[in-house]
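Structure record follows, encoded as structure tokens.
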Amino acid sequence: MHHSLEPTLAEAEVRREQQHLDRLYEVLETQRDKTVKMLAGAVQGSGGSAQARVERELEVRRLLQRVAKYDAAETGLCFGRVDLEDGYGYYIGRIGLREEDLDASPLLIDWRAAAARTFYTATAAAPQGVRLRRHLHTRGRRVLRVDDELLGNAVPAPEGDARLTGEAALLATLRADRTGRMQDAIATLQVEQDQIIRSPHTGVLVVQGGPGTGKTVVALHRAAYLLYTHPRLERRGVLVVAPNPVFLSYISQVLPSLGETNVLLATVDQLFPGVATVRTEPDDGADVKGRLVMADVVAAAVRAHQAALDRPVRTVIGGELIELETDFLARTVASARETRLPHNLARPVFCEAVIDDIARQLSYTITDIEAVFDEQLAEHVDHSQLDREVADDIARVFGEDTPMIDLEEQKRRDIAGSKEHWLAALPGDPDVQRLLDRLWPALTPQRLLDRLYGDPSFLAEVAPSLTDGERRSLHRAPDDGWTPADVPLLDEAAELLGHDDQLQKVQAERRRARAIEYAQGVLDIARGSRAGEDDDPAEAERLAATDLVDAEYLAEPHEPTEPHTVAERAALDRTWSFGHVIVDEAQELSPMAWRLLVRRCPTRSFTVIGDVAQTSSVAGTFTWRQKLEPVFGTRWRLEQLTINYRTPAEVMAAADRVLTAIGAGLEPARAIRDGGHAPSLIRVPPGELPDRLREATVHEMEAVGGGRVAVIVPTEELAPLAKAVGSAIPDLSWGPDADLEQKTVVLTATQAKGLEFDSVLVANPDSIVTASSHGLNDLYVALTRSSRRLTIVHTGPVPPFFAHLTT
Numbered sequence: 010m011h012h013s014l015e016p017t018l019a020e021a022e023v024r025r026e027q028q029h030l031d032r033l034y035e036v037l038e039t040q041r042d043k044t045v046k047m048l049a050g051a052v053q054g055s056g057g058s059a060q061a062r063v064e065r066e067l068e069v070r071r072l073l074q075r076v077a078k079y080d081a082a083e084t085g086l087c088f089g090r091v092d093l094e095d096g097y098g099y100y101i102g103r104i105g106l107r108e109e110d111l112d113a114s115p116l117l118i119d120w121r122a123a124a125a126r127t128f129y130t131a132t133a134a135a136p137q138g139v140r141l142r143r144h145l146h147t148r149g150r151r152v153l154r155v156d157d158e159l160l161g162n163a164v165p166a167p168e169g170d171a172r173l174t175g176e177a178a179l180l181a182t183l184r185a186d187r188t189g190r191m192q193d194a195i196a197t198l199q200v201e202q203d204q205i206i207r208s209p210h211t212g213v214l215v216v217q218g219g220p221g222t223g224k225t226v227v228a229l230h231r232a233a234y235l236l237y238t239h240p241r242l243e244r245r246g247v248l249v250v251a252p253n254p255v256f257l258s259y260i261s262q263v264l265p266s267l268g269e270t271n272v273l274l275a276t277v278d279q280l281f282p283g284v285a286t287v288r289t290e291p292d293d294g295a296d297v298k299g300r301l302v303m304a305d306v307v308a309a310a311v312r313a314h315q316a317a318l319d320r321p322v323r324t325v326i327g328g329e330l331i332e333l334e335t336d337f338l339a340r341t342v343a344s345a346r347e348t349r350l351p352h353n354l355a356r357p358v359f360c361e362a363v364i365d366d367i368a369r370q371l372s373y374t375i376t377d378i379e380a381v382f383d384e385q386l387a388e389h390v391d392h393s394q395l396d397r398e399v400a401d402d403i404a405r406v407f408g409e410d411t412p413m414i415d416l417e418e419q420k421r422r423d424i425a426g427s428k429e430h431w432l433a434a435l436p437g438d439p440d441v442q443r444l445l446d447r448l449w450p451a452l453t454p455q456r457l458l459d460r461l462y463g464d465p466s467f468l469a470e471v472a473p474s475l476t477d478g479e480r481r482s483l484h485r486a487p488d489d490g491w492t493p494a495d496v497p498l499l500d501e502a503a504e505l506l507g508h509d510d511q512l513q514k515v516q517a518e519r520r521r522a523r524a525i526e527y528a529q530g531v532l533d534i535a536r537g538s539r540a541g542e543d544d545d546p547a548e549a550e551r552l553a554a555t556d557l558v559d560a561e562y563l564a565e566p567h568e569p570t571e572p573h574t575v576a577e578r579a580a581l582d583r584t585w586s587f588g589h590v591i592v593d594e595a596q597e598l599s600p601m602a603w604r605l606l607v608r609r610c611p612t613r614s615f616t617v618i619g620d621v622a623q624t625s626s627v628a629g630t631f632t633w634r635q636k637l638e639p640v641f642g643t644r645w646r647l648e649q650l651t652i653n654y655r656t657p658a659e660v661m662a663a664a665d666r667v668l669t670a671i672g673a674g675l676e677p678a679r680a681i682r683d684g685g686h687a688p689s690l691i692r693v694p695p696g697e698l699p700d701r702l703r704e705a706t707v708h709e710m711e712a713v714g715g716g717r718v719a720v721i722v723p724t725e726e727l728a729p730l731a732k733a734v735g736s737a738i739p740d741l742s743w744g745p746d747a748d749l750e751q752k753t754v755v756l757t758a759t760q761a762k763g764l765e766f767d768s769v770l771v772a773n774p775d776s777i778v779t780a781s782s783h784g785l786n787d788l789y790v791a792l793t794r795s796s797r798r799l800t801i802v803h804t805g806p807v808p809p810f811f812a813h814l815t816t
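Residue numbering for the sequence shown is 10 to 816, as defined by my numbering.
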């Protein structure tokens with residue numbers, strides 16, 4: 010039960026906790042300063058072997074991460090204390106701290122440590138040996154107040170939900186104004202959340218949770234927990250996949266606040282380096298591109314670029330007609346494919362065989378020409394007489410026993426020598442290169458998909474299982490730009506094509522050569538500016554910059570520096586394998602997107618977070634089995650979050666009616682608190698919607714004071730309604746990169762997914778429902794974003810879901 014302290018006792022306890030907090034900050038500063046000095050020494054180190062330089066770089070990265078953890082711990086360093094029945098007690102905080110005496114008890118236990126778990130899981134019904142749990146409320150380095158819970162067998166269970174821990178601290182957090190950014194929840198994690206966060210990291214864990222259950226909080230804290238408990242994950246990092254850029258911005262501060270730098274946060278379309286998605290895919294095209302059949306289509310498109318010919322190839326090389334037979338090409342293609350190398354890496358095998366055959370044909374062609382010449386010469390020369398005269402000449406010079414030259418052997422040698430000549434010359438021949446590029450071209454994923462989308466006859470050839478309408482939905486011009494639905498297909502193509510870095514190496518060397526040439530020109534100019542020094546001995550002896558550096562040294566700054574963190578390196582490397590992947594709003598992903606993610610984590614160590622009732626994309630699902638079994642088979646386990654911490658019961662009463670209409674067969678999460686405000690229903694004539702919505706938004710801004718307001722509108726009405734509301738609110742934010750730190754934002758239901766606001770206005774719910782096949786799901790998302798107030802502004806009859814509300 011929550012224990013309220015008397016004023017004088019409370020003040021004494023605050024002073025006591027302040028003394029301990031002061032000591033903690035002293036130790037934190039000492040350890041940080043020590044680490045910074047070690048970092049400075051490592052950075053200043055130079056020279057040594059290549060191995061020594063690598064080890065120094067690793068040490069720098071390790072120390073940078075440690076400094077980042079100390080910096081992150083500055084805010085909210087200590088937030089809890091546990092007193093056990095046996096008299097022992099300890100403090101819980103962002104990181105672990107101890108005195109220099111390693112035998113002394115820890116000053117602070119990291120919230121992820123096993124010893125800290127009872128802080129989150131002990132309840133009055135199951136105290137686990139805990140007598141008292143204390144929450145410390147701090148601002149900066151000052152203790153403001155403490156909240157105590159008395160547990161143990163002598164204490165009766167509270168009247169509320171026995172599964173809630175730290176209820177006073179939890180409710181204080183829930184009632185606080187939103188900030189536009191998600192905050193970490195290490196001080197208020199609940200039992201069912203903690204259980205999931207600390208689950209084993211191997212295999213596939215699926216977490217189903219309704220609105221307000223803290224799914225994303227669980228996902229992000231699980232990333233931090235796994236990195237703490239499994240240090241080897243730091244080498245590969247953890248990937249956290251978010252549903253859209255707005256949501257990515259919303260959660261971006263949580264892991265840095267926990268001191269974690271080895272986590273890459275990205276949307277699926279950000280996982281293909283070098284490609285930016287610049288447009289939105291229509292639903293019919295996105296649906297087709299997300300299907301598993303597209304993996305077969307991309308594979309067929311690659312095979313179609315591997316000398317898929319049904320007739321011989323005739324061309325002129327070196328002035329001679331060369332013919333490559335279909336049987337030869339078929340055998341050569343089969344040999345290249347048998348290597349099981351990706352297309353671009355198998356290309357040299359194919360090219361070598363073709364060049365060898367061309368060289369053979371050219372060698373025999375030259376020999377045949379010589380044979381014809383001999384035949385024509387025989388008509389005018391007596392070869393037998395010529396042979397006798399040659400034999401006599403050889404005998405006089407070399408002796409009677411010298412054997413005659415074997416002309417057939419000589420012919421074979423001539424052919425072999427000629428072939429060696431052609432084998433050396435042909436690779437650089439432009440005609441040969443054009444032939445090879447036609448038969449087995451080096452491809453990029455972009456080039457392959459450009460042809461697939463832009464050539465209807467080619468698409469029909471490689472995608473016979475698609476209907477004419479489905480193929481038309483894929484058509485686009487090469488300069489139309491990429492969409493998020495294209496990225497999994499680009500990744501699929503990249504996997505099949507492989508990456509031949511020879512060309513990149515050549516290009517990099519050329520760039521370096523140009524940089525050196527430019528630098529040499531700069532040095533020459535600088536030296537030229539010292540003209541006349543021959544006439545001035547003092548000037549000639551003066552040391553100049555040109556005497557200290559050469560062109561290669563000067564060109565070095567042109568070389569890119571290597572990124573320091575695991576997340577930075579992983580973001581630049583499509584082939585990076587993560588130690589663990591966490592997917593938020595996973596119900597939205599297409600089968601092709603799942604293929605991309607599995608390639609990012611071959612060990613298939615996943616945490617899958619979502620709510621099938623909030624599915625809104627055409628690729629989404631209503632059951633986890635339907636979504637996951639094609640990817641993971643039956644090797645996944647399901648956990649459920651059942652308590653809605655965020656959304657008031659009054660709001661959920663309206664939202665649950667929509668959930669029933671969705672028919673997902675899911676039990677709604679139980680709201681633990683009343684908000685004190687029943688949802689408002691405002692009916693307006695259609696022509697007055699912009700003005701009335703603007704007025705209602707201004708009213709809500711006044712009602713929530715320092716809180717945040719979201720206006721959620723139908724996608725097709727986003728721009729006009731945002732402009733109408735913005736006419737009264739100058740700092741309003743809306744659009745694909747809406748700034749959530751503004752007091753008021755206008756969003757679509759898709760953009761609002763996973764976010765939370767103090768007050769939410771939902772405009773034209775009927776239009777949201779009819780806009781897509783998942784319109785009910787979108788409305789459910791919109792209704793459940795509020796932590797305090799909900800207003801529904803509609804233009805038609807009262808929607809049936811809201812008939813119980815008063816206008």
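Ideal Cβ placement from N, Cα and C applies to all residues, glycine included.
| Rounded C-alpha distance that separates G223 from E201 | In this structure, the straight-line span from the alpha carbon of G223 to that of E201 is close to 10 Å.
| Spatially closest choice to A82 from D92, R41, R71 and V322, by CA coordinates | If you compare the alpha carbons of D92, R41, R71 and V322 with that of A82, the shortest gap goes to R41.
| said: Which of the three DSSP states is assigned to I801 in this structure? | reply: Strand, per DSSP.
| task | State the Cα-Cα distance for the pair A787 and T624, rounded to the nearest angstrom. | result | Note that residue 787 is Asp in the sequence shown here, rather than Ala. Each residue's alpha carbon lies about 8 Å from the other.
| request: Flag this pair as yes or no: are the beta carbons of L33 and L116 separated by less than 8 Å? | output: In contact: L33 and L116 (Cβ atoms closer than 8 Å).
| task | If I'm right that F615 touches V590 with Cβ under 8 Å, what's the distance once you round it to whole angstroms? | result | A Cβ-Cβ separation of about 5 Å places F615 in contact with V590 under the 8 Å criterion.
| message | Among G221, T130 and T17, whose alpha-carbon lies nearest the alpha-carbon of Y654? | response | Ranking G221, T130 and T17 by Cα distance to Y654 puts G221 first.
| query | Per DSSP, I118 is paired with what? | reply | In DSSP, I118 forms a bridge with I101.
| task | Check whether the Cβ atoms of L505 and V297 lie closer than 8 Å to each other. | result | Here L505 is not near V297, since their CB atoms are 8 Å or more apart.
| request: Give me the Cβ distance between G619 and A602, rounded to the nearest whole Å; I'm assuming they're in contact under 8 Å. | output: For a cut-off of 8 Å, the C-beta gap from G619 to A602 is around 13 Å, too long to register as a contact.
| Taking C-beta to C-beta, are T747 and V255 nearer than 8 Å? | Here the sequence assigns Ala to residue 747, which means Thr is not the residue at that position. Taking 8 Å as the Cβ cut-off, A747 and V255 qualify as a contacting pair.
| query | What is the rounded straight-line gap between the Cα of P739 and the Cα of E676? | reply | Rounded to the nearest angstrom, the two C-alpha atoms are 42 Å apart.
| query | Leaving out the 5 sequence neighbours to the left and right, which residues in its chain are closer than 7 Å to E659 when beta-carbon positions are compared? | reply | Answer for E659: D683, G684, H686, A687 and P688, listed in chain order.
| query | For the candidate residues A295, L318, Y79 and D477, whose alpha-carbon lies nearest to that of T335? | reply | Per the Cα distances, L318.
| task | Please classify A772: does DSSP put it in a helix, a strand, or coil? | result | Under the three-state reduction of DSSP output, A772 falls in the strand class.
| In terms of residues, what are the limits of the alpha helix (DSSP H) holding F281? | It is not in any alpha helix (DSSP H) - F281 carries neither H nor E in the DSSP assignment.
| query | Do L242 and L235 have their CB atoms nearer than 8 Å? | reply | Result yes, Cβ atoms of L242 and L235 sit closer than 8 Å.
| message | Taking 8 Å as the threshold (C-beta atoms), are G588 and P252 in contact? | response | In this structure, G588 does not lie closer than 8 Å to P252 by Cβ.
| query | With DSSP run on the structure shown, which of helix, strand or coil describes T779? | reply | When secondary structure is reduced to three states using DSSP, T779 falls in the helix class.
| message | For the ligand SAH, I want to know if V617 counts as a neighbour, meaning its beta carbon is within less than 7 Å of at least one of the ligand's heavy atoms. | response | Looking at this structure, you won't find the ligand SAH or any other ligand, since it has none at all.
| query | Do you know how far the Cα of Y129 is from the Cα of D110? | reply | Rounded to whole angstroms, D110 to Y129 spans 28 Å at the Cα level.
| query | For Q192, does the three-state DSSP call read helix, strand or coil? | reply | Q192 falls in the coil class under three-state DSSP.
| task | State the beta-bridge partners of R90 as determined by DSSP. | result | Note: R90 sits in a beta bridge opposite Y100 and R143.
| query | Which residues does DSSP pair with N653 in a beta bridge? | reply | Residue pairing of N653 in beta bridges, as defined by DSSP: A680.
| task | Within 10 angstroms of the Cβ of G85, are there 16 or more other Cβ atoms? Answer buried if so, exposed if not. | result | By the 10 Å Cβ count, G85 comes out buried.
| said: If you reduce the DSSP assignment to three classes, tell me which class L214 lands in. | reply: Under the three-state reduction of DSSP, L214 is assigned to strand.
| task | Check the C-beta distance from T800 over to I721 and give it rounded, since I have them as a contact under 8 Å. | result | Not confirmed; about 10 Å, so no contact.
| Opposing strand residues paired with G619 [DSSP bridges] | When beta bridges are read from the DSSP output, G619 appears opposite Q217.
| task | Please list, in chain order, all residues of the same chain as T706 whose beta carbon is under 8 Å from its beta carbon, the five residues on each side excluded. | result | The residues are V718, V720, V734, A737, I738, T753 and L770.
| task | Per DSSP, which residues does F766 bridge with? Please list them. | result | For F766, DSSP records a beta bridge to S795.
| said: Using a Cβ-Cβ cutoff of less than 7 Å, which residues in the same chain neighbour R65 once the five nearest sequence positions on both sides are dropped? | reply: Result list for R65: A51 and G54, in chain order.
| query | Tell me the DSSP bridge mates of I260? | reply | None, per the DSSP bridge assignment.
| query | Just the Cα atoms here: how many angstroms apart are A761 and A451? | reply | Rounded to whole angstroms, A761 and A451 show a C-alpha spacing of 43 Å.
| On the premise that Q217 lies in contact with Q649, defined as a C-beta separation below 8 Å, what is that separation, rounded to the nearest angstrom? | Indeed, because the Cβ distance is near 5 Å, the residues count as touching under 8 Å.
| request: Tell me whether I721 sits in a helix, a strand or coil according to DSSP, three-state version. | output: I721 falls in the strand class under three-state DSSP.
| field | Distance CB(A362)-CB(L448) smaller than 8 Å | value | Going by beta carbons, A362 and L448 fall outside the 8 Å limit.
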